[in-house]
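For reference, the structure discussed in these notes is given below.
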Amino acid sequence: MSLNKKLSLFFVSLYLLSIALFTLVSLVAIRHVLISYAYGYMERYANPIVEFYLEAYKDIDKRISSLAEDLAGEDIGALVVDSKGEIVSFVPPFREEVVNLPKPEVFLKEKKGVYKNYAFLTKKVGEKYTVILLFRLKSIQKVQDELIRFVVLTASIVSIFILILVPPIIKRFLEPLSYLTSISQRISKEGPLEVEVAEAKTEDELGQLQKAYKDMVDRLKEVITWQINFMRDITHALNTPLTYIKGQIELISEGFYSGEELKVVLQKLLQQINRMETLIKKLMLLMRLQSHVPLSHRTFYINQLFAELEEEYEFIKESHVFRVEYLSEDVLWEGDYDYLKLALANLLENAYKYTPKGGLIKLYYKDDCIIVEDSGIGIEDKERVFEAFYRENKEKEGFGLGLAIVKAIAQKQGLNIHLESEKGKGSKFYLCRRLTP
Ligand code: ADP
Numbered sequence: 033m034s035l036n037k038k039l040s041l042f043f044v045s046l047y048l049l050s051i052a053l054f055t056l057v058s059l060v061a062i063r064h065v066l067i068s069y070a071y072g073y074m075e076r077y078a079n080p081i082v083e084f085y086l087e088a089y090k091d092i093d094k095r096i097s098s099l100a101e102d103l104a105g106e107d108i109g110a111l112v113v114d115s116k117g118e119i120v121s122f123v124p125p126f127r128e129e130v131v132n133l134p135k136p137e138v139f140l141k142e143k144k145g146v147y148k149n150y151a152f153l154t155k156k157v158g159e160k161y162t163v164i165l166l167f168r169l170k171s172i173q174k175v176q177d178e179l180i181r182f183v184v185l186t187a188s189i190v191s192i193f194i195l196i197l198v199p200p201i202i203k204r205f206l207e208p209l210s211y212l213t214s215i216s217q218r219i220s221k222e223g224p225l226e227v228e229v230a231e232a233k234t235e236d237e238l239g240q241l242q243k244a245y246k247d248m249v250d251r252l253k254e255v256i257t258w259q260i261n262f263m264r265d266i267t268h269a270l271n272t273p274l275t276y277i278k279g280q281i282e283l284i285s286e287g288f289y290s291g292e293e294l295k296v297v298l299q300k301l302l303q304q305i306n307r308m309e310t311l312i313k314k315l316m317l318l319m320r321l322q323s324h325v326p327l328s329h330r331t332f333y334i335n336q337l338f339a340e341l342e343e344e345y346e347f348i349k350e351s352h353v354f355r356v357e358y359l360s361e362d363v364l365w366e367g368d369y370d371y372l373k374l375a376l377a378n379l380l381e382n383a384y385k386y387t388p389k390g391g392l393i394k395l396y397y398k399d400d401c402i403i404v405e406d407s408g409i410g411i412e413d414k415e416r417v418f419e420a421f422y423r424e425n426k427e428k429e430g431f432g433l434g435l436a437i438v439k440a441i442a443q444k445q446g447l448n449i450h451l452e453s454e455k456g457k458g459s460k461f462y463l464c465r466r467l468t469p
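Residue numbering for the sequence shown follows this note's numbering, starting at 33 and increasing by one per position.
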């Protein structure tokens with residue numbers, strides 16, 4: 033059964049239940065009101081007659097049997113009992129037979145009450161007699177029957193209206209849900225790349241669900257597109273050296289090269305193999321960083337890190353101005369030392385690679401950020417430059433993985449990476465412990 037039908041049935045059941053409850057409470061209330069009215073009516077009706085009898089007839093014994101007759105009426109029956117509880121006279125309500133009347137004690141025990149369809153009231157007449165008045169509650173039955181008939185009729189009409197009107201309203205409410213169902217079915221058949229999820233039209237919970245679903249599908253598309261491009265770039269990066277290696281090995285096996293020439297070709301082959309090895313190592317590192325492998329965590333001083341980097345990249349000083357600015361008051365840093373060093377090493381290598389000879393390369397610390405600055409060729413696209421395999425300057429050797437690795441390391445350590453760069457003027461890479469440098 034569809035959600036729409038279930039909800040419609042639920043509303044109708046809820047409506048019928050509340051109507052039934054309302055009817056029940058109304059019936060009880062009406063009965064209570066009418067019975068109270070009956071007591072009052074009997075009291076007002078019987079008092080003057082009883083008083084008249086007591087005043088008018090000194091010898092009440094002789095007239096007592098006619099008292100019941102005088103008291104009885106269309107809706108009222110009267111029963112007179114003596115002090116022993118014996119029935120002296122009984123006149124049932126007009127055209128009505130009271131069958132199976134219980135023993136008078138039942139009435140005498142309580143001063144007033146309800147017996148079957150009668151409300152009763154007992155009244156003393158002198159010392160000896162008691163009159164029991166029975167008020168026929170037929171009018172209550174009539175009101176009850178009419179109320180039930182009215183409720184059943186209106187409940188049926190309203191239920192039909194609910195069943196006609198509610199499903200389209202629920203359908204409208206559930207529109208985002210049925211839309212998401214059909215979109216999910218399309219995604220499972222055609223794949224997320226082929227499907228465009230529409231913007232939510234409402235701000236309510238279902239609208240928010242559609243928005244979240246759209247964001248999720250868009251993110252999924254991004255990831256799939258990234259994976260496709262990544263695979264294409266890897267294939268391309270490996271295919272070029274492999275084709276070269278295969279071609280050269282074929283020529284060697286055919287005896288095409290000999291002597292000195294063969295040595296040169298073999299050296300070039302080794303270079304290509306080394307390139308492939310570097311590429312695979314970088315890819316493996318990137319994969320490891322993007323997986324959930326935890327990094328090690330320790331505290332260290334910035335000056336120690338700077339000293340090791342200066343020593344390892346001493347060679348930069350041969351062609352460039354390489355300045356490492358040590359802190360006069362050393363700062364403690366927390367994180368994975370080796371990975372942070374690797375990220376800074378990548379940035380220094382890039383600075384060296386993309387800064388013309390004689391240019392300035394600086395490594396320093398400022399306001400919770402470690403900064404690698406150069407006066408090199410600068411960067412055009414400051415966003416895409418962190419994508420794997422994106423390369424702006426293809427004159428230099430490289431795979432376009434260095435900055436992707438730096439970004440992955442920063443993310444893994446909870447650091448913010450920020451780039452300021454101007455074409456032809458230089459670049460500044462920030463690795464910061466806070467949001468903005
Ligand atoms: P690779 O250097 O192997 O190409 P990277 O991911 O390290 O890969 O860098 C991506 C691109 O960003 C480079 O191709 C280069 O165009 C640009 N780039 C990176 N660092 C610098 C820099 N310091 N100055 C100028 N361009 C840079």
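Positions of the beta carbon are idealized from the N, C-alpha and C atoms, including for glycine. These numbers come from a predicted model, not from an experiment.
Tell me residue i's beta-bridge partners as DSSP assigns them.
i: A377; result: In DSSP, A377 forms no bridge with anything.
i: L179; result: According to DSSP, L179 bridges with nothing at all.
i: Y462; result: I403 and H450
i: V163; result: V112 and K155
i: G456; result: None, per the DSSP bridge assignment.
i: T331; result: E366
i: K144; result: L153
i: L395; result: V356 and V404
i: I305; result: Note: I305 sits in no beta bridge, so no partner.
i: S188; result: None; S188 has no bridge partner.
i: V123; result: A110
i: R168; result: Y150
Straight-line CA distance for residue i to residue j?
i: L327; j: E346; result: 28 Å
i: G456; j: I393; result: 15 Å
i: F193; j: T55; result: 20 Å
i: K143; j: S98; result: 22 Å
i: N335; j: P224; result: 49 Å
i: D177; j: S188; result: 16 Å
i: E427; j: I402; result: 28 Å
i: G72; j: G158; result: 21 Å
i: V227; j: Y396; result: 48 Å
i: T267; j: I202; result: 52 Å
i: I437; j: N261; result: 17 Å
i: V78; j: F42; result: Note that residue 78 corresponds to Ala in the displayed sequence, not to Val. Taking the straight line from one Cα to the other gives about 53 Å.
i: A440; j: V198; result: 53 Å
i: N36; j: P200; result: 9 Å
i: R355; j: E361; result: 18 Å
i: Y85; j: E101; result: 12 Å
i: D265; j: R204; result: 47 Å
i: I284; j: L294; result: 8 Å
Can you give me the Cβ contacts of residue i inside the same chain, cut-off strictly under 7 Å, excluding the 5 residues immediately before and after it?
i: I119; result: L111, V113 and P136
i: D107; result: P125, F167 and R168
i: E340; result: K373
Buried or exposed: which applies to residue i, given that a residue is buried once 16 or more other Cβ atoms fall within 10 Å of its Cβ?
i: L53; result: exposed
i: Q303; result: exposed
i: Y358; result: exposed
i: S40; result: buried
i: Q322; result: exposed
i: N271; result: exposed
i: V325; result: exposed
i: A383; result: buried
i: I281; result: exposed
i: I256; result: exposed
i: M319; result: exposed
i: M74; result: buried
i: Y333; result: exposed
i: K156; result: exposed
i: T162; result: buried
i: S407; result: buried
i: F288; result: exposed
Give every residue of the same chain whose Cβ lies closer than 6 Å to the Cβ of residue i, excluding the five residues on either side of it in the sequence, and list them in chain order.
i: E452; result: K460
i: T331; result: L364 and E366
i: E353; result: Before going further, note that residue 353 is Val rather than Glu in the sequence given. If we look at V353 and ignore the five residues flanking it on each side, its Cβ neighbours are L392.
i: S115; result: K160
Return the chain-ordered list of same chain residues with a C-beta closer than 8 Å to the C-beta of residue i, the five sequence neighbours on each side being excluded.
i: V138; result: Y147
i: I305; result: P273 and I277
i: P208; result: A232, K233, T234, L238, G239, L241 and Q242
i: L140; result: V113, G117, T154, T162 and I164
Can you tell me which of the options puts its alpha carbon nearest to the alpha carbon of residue i?
i: I51; options: L209, V190 and P125; result: V190
i: I67; options: N79, N149 and E286; result: N149
i: L473; options: K295, L103, A442 and I215; result: As shown, the chain starts at 33 and ends at 469. That puts residue 473 outside it, with no answer to give.
i: D236; options: L206, L435 and Q259; result: L206
i: E454; options: E405, G430 and G446; result: E405
i: R76; options: L165, F418, R63 and K295; result: L165
i: L195; options: V44, V183 and V175; result: V44
i: L298; options: E412, R465, G279 and Y462; result: G279
Considering only heavy atoms of the ligand FAD, does any lie closer than 6 Å to the CB of residue i?
i: R264; result: With respect to small molecules bound, the structure shown includes the ligand ADP and not the ligand FAD.
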